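Here is the structure we will look at, set down as structure tokens.
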Amino acid sequence: MTEQIDEYLSFSDKINDYISAVMVANNIGYENYDCSYLWDYVKSKGVFMRGFPFDGVAKDRISGMIVKDDLETTIGFNQNMSEKRKNFTISHEITHYLFHMNENKTIFTDTEQSLHYSYNEELHEFQANIGASAILVPDIVLFRFLKKGWNLAQLSHHFGISESALYIRLIHTMQANFGVSFVAAKMNADTIRYKFSGKGQRAAVELGTNLEARLFKTNRFIEAL
Numbered sequence: 001m002t003e004q005i006d007e008y009l010s011f012s013d014k015i016n017d018y019i020s021a022v023m024v025a026n027n028i029g030y031e032n033y034d035c036s037y038l039w040d041y042v043k044s045k046g047v048f049m050r051g052f053p054f055d056g057v058a059k060d061r062i063s064g065m066i067v068k069d070d071l072e073t074t075i076g077f078n079q080n081m082s083e084k085r086k087n088f089t090i091s092h093e094i095t096h097y098l099f100h101m102n103e104n105k106t107i108f109t110d111t112e113q114s115l116h117y118s119y120n121e122e123l124h125e126f127q128a129n130i131g132a133s134a135i136l137v138p139d140i141v142l143f144r145f146l147k148k149g150w151n152l153a154q155l156s157h158h159f160g161i162s163e164s165a166l167y168i169r170l171i172h173t174m175q176a177n178f179g180v181s182f183v184a185a186k187m188n189a190d191t192i193r194y195k196f197s198g199k200g201q202r203a204a205v206e207l208g209t210n211l212e213a214r215l216f217k218t219n220r221f222i223e224a225l
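Each step along the sequence shown adds one to the number in UniProt numbering, with nothing skipped, and position 151 is 151.
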């Protein structure tokens, strides 16, 4: 578990630093952040995003892919998925594009299994899931809305990310950033998700405050955002 958490923290810092730099360069404040800003930035580099009506076995098995050839780099996604699933898939493929593609690796094909937010045998897939969640809601945005007392349903609706992805994000955030055990992190995430009208909101505000303090030490762009 330590290896997983260490990797989560390392790559989370890397992708969040990248997103923060894009936000500063394009004068994007946390109040109006939307993943489309990052998507458009990637498109400006010559990446095309296209939905495909997969049929047969592919309809249920393929979520997305990214292919680079001599003509272009294309992100393809399954049009049959829900909007939040599409958002996560596209952001997952963008992470592959930003950090994993090279002359020896020019194609990634992702299924529901590889898009599951967990540590698995393929490090690049684990990292791409971390990146997808961060692109949809960067840490520098997340802590501010947690401090405002937003619940997971509000965050999910506003940023187009599933509540389950946010829930796991909270667990990993607490484990990686604050050294909390999985059991303790899950209990706190359960409180935020299922008991928000009681102590859950206080737990969310406290988590946002602690994440803010941590980011002031590690994110060089925070004061500009």
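For every residue, glycine included, the Cβ atom is placed at its ideal position computed from N, Cα and C.
Since we're looking at a predicted model, the values are computed, not measured.
Residue i, DSSP secondary structure in three states
i	result
D34	coil
F221	coil
D110	strand
G160	coil
G29	coil
K147	helix
K186	helix
N80	coil
S197	helix
G179	coil
M23	helix
G51	strand
G46	coil
V141	helix
N104	coil
Status (buried if at least 16 other CB within 10 Å, exposed otherwise) for residue i
i	result
E125	buried
Q79	exposed
S44	exposed
H157	exposed
Q154	exposed
G200	buried
S133	buried
G76	buried
S197	exposed
E72	exposed
E93	buried
F108	buried
L38	buried
V141	buried
V183	exposed
R85	buried
Pairwise C-alpha distance: residue j and residue i
i	j	result
F143	S181	20 Å
residue 238	L211	Residue coverage of the chain in this structure runs from 1 to 225, which leaves residue 238 outside it and unanswerable.
I5	M23	26 Å
L136	F159	6 Å
E83	N104	32 Å
N87	N32	17 Å
R202	Y167	16 Å
V205	D70	49 Å
D110	I62	6 Å
Cβ-based neighbour list, residue i, same chain, cut-off 6 Å, excluding 5 preceding and 5 following
i	result
L170	A189
G208	F143, L146 and K147
T106	K68
I15	G131 and A134
I192	G200, A203 and A204
Anticipated Cβ contact below 8 Å, residue i with residue j, distance rounded
i	j	result
H172	Y8	5 Å
T95	G64	Not quite, the Cβ-Cβ distance comes to about 11 Å (not below 8 Å), so this is no contact.
F48	T74	5 Å
F216	S20	Contact doesn't hold; Cβ gap of about 13 Å is too wide.
Contacts around residue i, its chain only, beta-carbon distance under 7 Å, and the 5 residues preceding and following it disregarded
i	result
N29	Note that residue 29 is Gly in the sequence shown here, rather than Asn. Within the same chain, G29 has close Cβ partners L225.
L176	The sequence as given places Ala at residue 176; Leu does not occur at that position. Within the same chain, A176 has close Cβ partners I5, Y8, L9 and S12.
E223	none
Contacts around residue i, its chain only, beta-carbon distance under 8 Å, and the 5 residues preceding and following it disregarded
i	result
R214	N177 and F178
L123	E7
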